[in-house]
Every structure is written in C-alpha cells, then in structure tokens.
Amino acid sequence: MFGPFAISGVIIMYEVHSLQKTLCHTDKFANDPLNPYYADIQAKKHKTEH
C-alpha cells in the first residue's frame with residue numbers, strides 16, 4: 000500500500016542529493032569555507048596546478 004510512496008521518496012531524496020552535490024561544486028560555492036566539499040575541491044585544485 001505504501002510501496003509506491005516509499006519508492007517515490009527514495010527517488011526524490013536521491014535527486015535532491017545529486018542537485019545539492021552539483022551546486023556545491025559550482026564556482027559560486029566552491030571557494031566558500033562553509034561548503035562541506037571545500038577541502039576536497041581545494042585538494043583537487045592543488046593537484047591540477049602541480
């Protein structure tokens with residue numbers, strides 16, 4: 000009875016997570032220290048510079 004709603008919820012949560020991760024890597028937020036991916040972005044940036 001609740002199966003379709005549970006499946007829909009999982010799909011929506013996955014899509015929201017994907018959108019959030021994509022937006023965290025945009026130029027506007029990539030250099031923000033409050034970004035949870037800030038350390039990873041900076042590490043990748045330094046690897047590509049060397």
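Position 31 of the sequence shown, counting from 1, maps to 30 under numbering that gives the first Met the number 0, and the rest follow consecutively.
C-beta: ideal position from N, C-alpha, C; glycine also.
None of these values were measured; they are calculated from a predicted model.
Simplified DSSP state of residue i, which is helix, strand or coil
{"i": "Asp26", "result": "helix"}
{"i": "Met0", "result": "coil"}
Start-to-end residues for the alpha helix (DSSP H) that takes in residue i
{"i": "Tyr36", "result": "Careful: Tyr36 lies outside any alpha helix (DSSP H) and carries neither H nor E."}
Cβ neighbours of residue i in the same chain (closer than 7 angstroms, five flanking residues each side left out)
{"i": "Ala29", "result": "Ile40"}
{"i": "Tyr36", "result": "Cys23, His24"}
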